[in-house]
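With positions in the sequence shown counted from 1, the corresponding number in our numbering is that position plus 182.
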Amino acid sequence: MALTGRRLEVDRIATLAVLPRESAMVVVGDPGSGRSSVLDAVSNRVSLPVVRVGVNGSESRWPLAGVTSLFTALDDPRATAHIAHLLQTGETAVPVTAGLAAAHDFLDAVHALTLPPTLVLIDDLDRMDVESQELIAFLAGRLAGTALRVVATVRSVPSNGPLAALPTLRIEPLPSDEALILARTMAPEEANDGVLAVLAAETGGNPGALREQLAVLSREQLTGAEPIVLPLRPTPTTEALAALALGSAAGRDLDVLAKLALVPVAKTTAWDRDELDDLVGAGLATVRGQSVTVRDPLVRSALYWRMPARDRRAAHAALATASTESDPRAAAWHRSFVDDVPDVVALLSAARSYVVDGNVHAAIALTERALHVGGGTEDELVALLGVAEALLGNRLLGFAARYLAALRPFRTTAHEVRRLRLQYSAQYLSGDAVHADELLVSVDATEPADVDAVAGLMAMVACFRAEAWELDQAKDLLHRVAPLEASASPHTVEITTTARELIAAIDGTLPSDTDLHDGLATSVLLAMSDPALLLLAHALSIAERYRSARRVFALVLARGPQTAAVWTEAARYLTAENEVRSGNFRQALRAIDVWEAGSSVVERLREPSRAIAIAWRHFAEGRSADALAVVDRCLEHRSTSRLWGATAKLHALRGRVLLLDGRLEEAAAALEAADAIGRSLRNPAVLRHLGDLVEAYARLGRIDDARTITARLAADHHARPGRWGALVLARSLALVADDTTRDTARRRALELFQPHDSQFERARTFAALATVGNPAERPRLGAAAAASYEAAGMRRPLVTPAPAAAMPPFGTGPSLRSAPVLSASMPGTPRSAPDASAVLTSLTAEERAVVQKVTEGYRNREIASSLFMSQRTVELRLTQIYRKVGARSRSHLVALLT
């Protein structure tokens, strides 16, 4: 199983193997943090010989047992004699000089082995005997001439200990999103995502504690059928981590901390501020504004369950009384442990209030408690619906879906429509298909409010159908809404209107801007709701009116805190998508960065929209392998129940990345998969895959297939004309033209571009023509493609490599006899450019390490951090590398190596 979330740590340790000098590092991590897993990943990554030293804790009482383990692991016949000598010296030396003499003997013994460059990985060095720890620390500070790179893991490094002087790397807890990804890989297939998100948060990003909790929870709890008891009951890892954390606070009065552990979060006004300040100073509590909580959820778990049940109940009763006036939400929590009939509605109301305040951890704890003690009355279910609504409004899909699953259909139309609206929204935002079987039959509604709710629900589902490219079903739903519009609210009418505009945009029939909302007048747009503005802006973007879409998106983002998080999140993503579609890649990368930085969602890879954005960013920055990894991972989680439109987009993006990497057969397969899903979509500017498919077929020599797809593209474009379709159709016609029209078609494909057109599509046209052009044209077209990629904002310009075989003559199939082999060099690269092996052999080990990071897409600042250099040193090394290999730029250096 791949290691989750530890790339930086593995990179930094693996760097030791490529540096020319011997060095040492201490890796510090809490129990369960995954120190051993990091060493496993390092040992599989480096090319040096690796010596792995395990520690047997029961041998810690035997002096020099750890050193003998190290010599044994080195697997050198000469080591046996050194072991005996060290043991004899330790027995006979005078105590005052024994330590220093043993240390020098140990160092001499390692030098005498004359080992090749070797990476020594010592797991749990702090569990070795003290003498061995001191000797290995002595060695680690004097490695010159030993050829060893030493990495040791420990739980902590005392300031007065032997390891304090060595460089350290701290393994931090996993962020919430990476902890959720890890939970998904560990949990059974049927586990509920919301439950996994709860476990990821409550285990504090500790992989060991997460693994243990998944093992002890019942199947019903993992699937969401039963509530989870919070705080979680402690496991061995929890106890070990708590002992380590509380041990550092020895001598302090921890009674206040134990009482604080009884509540998820409390107001500081109900506690002694001096005692809280002491706990904060010891790193055991966190104060944010007027709220205080135990810093580590695992420490809270250990403290909570250590208290006897009777004492716990008495403490809850006392705290409930003390916080009734100052902290009513905490009081509701405490009373749920004291009252014979807990007030579940009050508990859920407090949970919703916590969501609104942004304290999701406390909200989840109160909601799980409510499920545990509730009776399932109608009032309780309505309150639970409010919690799910607040969670969804804050874009916390996993949690919202977890509590929506606990609801049953309501008897009242208003509440049932509200439940269905949330359920369908959660399904859509998670990338699932929204079947909405409940709307297949007519809904009886007589009250005006009920009629409005039903009309709004059908309009919303129509938008979801349109996004899935099920335009007929979307139009049918809006047809059913039409008779209800007379009784609907202005908001519902507004959503219905913009839903029709979205359908028209996808169908390629959106009216001009002058015919939309009084010519998109600012006064009219400002009066519209956030979801209506987003639907309108999205429709404008699909219709290739990027400037108008940019303006409408800006209106949503400018509203600030008054806009719900779910709409802000959608506006940021759709803004990035609009810039990608327009070819403004620099602005698109900034928009994606803003979206990622401001997003609170933890479901990063299962949402197709997020996966597409992240993959596209990797692709734009030249990291094709990372882009494909994200897309493939997302596709692994998709099934027939998933949103087909998003699946088609994933295949189309995968095909494009593979095409520009020159992996033509794989690219054609991915693009064919996208085409099979999107075949019914007649607007070619929506999926944008046909031009790529034409290019893949043409470069593979499948000229008849390329012409067939070009004919389809031409028919679709003429039926639904657009600027993108015109540019790509001209390129496709140039790729499939015969000898008599080829020059004219190529000239037209290039002359058609105007200054305001997408520089990315211009680069694609130059690069595509370079692959099928004659050898004399290829360097010029390749250079023009690279310049256009740079103008488009590609941080590492991509130039399509030449094919292995020339374009077959018109009317004939490909054959080795009729298709002479051409040079596979990159367009624009001199024929005399050296190959990668020749380039690398001329460099020093340190320069090769820098080059490796450059080819992986690292920037100078990132290279400096990972190789322990200054940024100025990296710049000097790059200058030397350019001079040695004859590279003109960073992109040219990459071209020489790839």
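Think of the CB as a built atom: it goes at the ideal place given N, C-alpha and C, for glycine as much as any other residue.
Small disclaimer: the values here were computed from a predicted structure and weren't measured.
query                                                                                                                                                                     : result
Is the beta carbon of leucine 392 less than 8 Å from the beta carbon of alanine 424?                                                                                      : no
If you draw a straight line from the C-alpha of leucine 909 to the C-alpha of leucine 917, how long is it?                                                                : 13 Å
List the endpoints of the continuous beta strand (DSSP E) containing leucine 330.                                                                                         : 330-336
According to DSSP, simplified to helix, strand and coil, what is threonine 1120?                                                                                          : A query on residue 1120 cannot be resolved here, the shown segment of the chain reaching from 183 to 1080 and no further.
Decide yes or no for the touch test of the segment 241-254 against the segment 348-365: beta carbon pairs closer than 8 Å, at least 3 of them.                            : no
Taking the straight line between their C-alpha atoms, what separation do you get for valine 1067 and alanine 974?                                                         : 28 Å
So the candidates are Ala334, Pro357, Glu354; which of them puts its Cα closest to the Cα of leucine 348?                                                                 : Ala334
Helix, strand or coil, according to DSSP, for threonine 405 in the structure here?                                                                                        : helix
Let me check one thing: in DSSP terms, what residues is leucine 351 bridge-paired to?                                                                                     : Val209
Output the distance between the C-alpha atoms of isoleucine 195 and valine 224, rounded to the nearest integer angstrom.                                                  : 7 Å
Here's the rule I'm using: 16 or more other beta-carbon atoms within 10 Å means buried, otherwise exposed. How should proline 259 be labelled?                            : exposed
Quick check on the DSSP output: the beta strand (DSSP E) that includes isoleucine 304 runs from which residue to which?                                                   : 300-304
If you compare alpha carbons, which of Val462, Val474, Leu461 is closest to threonine 450?                                                                                : Val474
Since I believe alanine 858 is in contact with glycine 837 (beta carbons under 8 Å), could you give me their beta-carbon distance rounded to a whole number of angstroms? : At roughly 12 Å, the Cβ-Cβ gap does not stay under 8 Å, so glycine 837 and alanine 858 are not in contact.
Roughly how many angstroms lie between the CA atoms of isoleucine 685 and alanine 719, to the nearest whole one?                                                          : 13 Å
Here's the rule: buried if 16 or more other CB atoms are within 10 angstroms of the residue's CB, otherwise exposed. What is asparagine 226?                              : exposed
Taking just the CA atoms, how far does leucine 692 sit from serine 730?                                                                                                   : 13 Å
Name the DSSP beta bridge partners of arginine 234, please?                                                                                                               : Leu303
Pick from Leu1025, Pro409, Ser705: whose alpha carbon is nearest that of glycine 556?                                                                                     : Pro409
Alanine 1031 to threonine 197, Cα distance in whole Å?                                                                                                                    : 8 Å
With H, G and I counted as helix, E and B as strand and the rest as coil, what does DSSP make of threonine 1011?                                                          : Interpretation of threonine 1011 is limited by its pLDDT of 35, a score under 50 that renders its predicted location unreliable; the figure taken from the coordinates is listed afterwards. The answer is coil: DSSP assigns threonine 1011 none of H, G, I, E or B.
Give a yes or no on whether the C-beta atoms belonging to alanine 958 and proline 202 are separated by under 8 Å.                                                         : no
Beta strand (DSSP E) containing threonine 475: first to last residue?                                                                                                     : 473-476
Mind checking who lysine 449 pairs with in its DSSP beta bridge?                                                                                                          : Ser473
Report the residue from Val447, Leu458, Arg482 whose alpha carbon sits nearest the alpha carbon of asparagine 541.                                                        : Val447
Compare the Cα-Cα distances from valine 523 to each of Thr506, Thr503, His554, Ala497 and report the closest residue.                                                     : His554
For aspartate 459, does the three-state DSSP call read helix, strand or coil?                                                                                             : helix
Could you pull out every residue in the same chain whose Cβ sits closer than 6 Å to the Cβ of glycine 638, ignoring the five residues on either side in sequence?         : Thr674
Please give me, in chain order, every unbroken run of the beta strand (DSSP E) with length at least 3 that falls completely inside the segment 857-922.                   : none
Residues in its own chain within less than 6 Å of threonine 680 by CB, not counting five upstream and five downstream?                                                    : Ala714, Leu717, Leu718
For the alpha helix (DSSP H) containing glutamate 168, list its first residue and its last residue.                                                                       : Nothing in the structure corresponds to residue 168, since the chain is present only between 183 and 1080.
Enumerated in chain order, which unbroken segments of the alpha helix (DSSP H) with a length of 4 residues or greater are wholly contained in the segment 487-522?        : 491-505, 510-517
When DSSP labels each residue in this structure, what does aspartate 614 get in the three-state scheme?                                                                   : strand
Specify the secondary structure class of methionine 1051 as computed by DSSP and reduced to three states.                                                                 : coil
Give me the Cβ distance between arginine 960 and arginine 902, rounded to the nearest whole Å; I'm assuming they're in contact under 8 Å.                                 : Incorrect: roughly 35 Å between the Cβ atoms, too far for contact.
Of all the options His833, Ala779, Phe519, Ala443, which has the alpha carbon lying nearest to the alpha carbon of leucine 798?                                           : With the sequence shown as reference, residue 798 is identified as tryptophan, and leucine is not the correct amino acid for it. For tryptophan 798, the nearest C-alpha among the options comes from His833.
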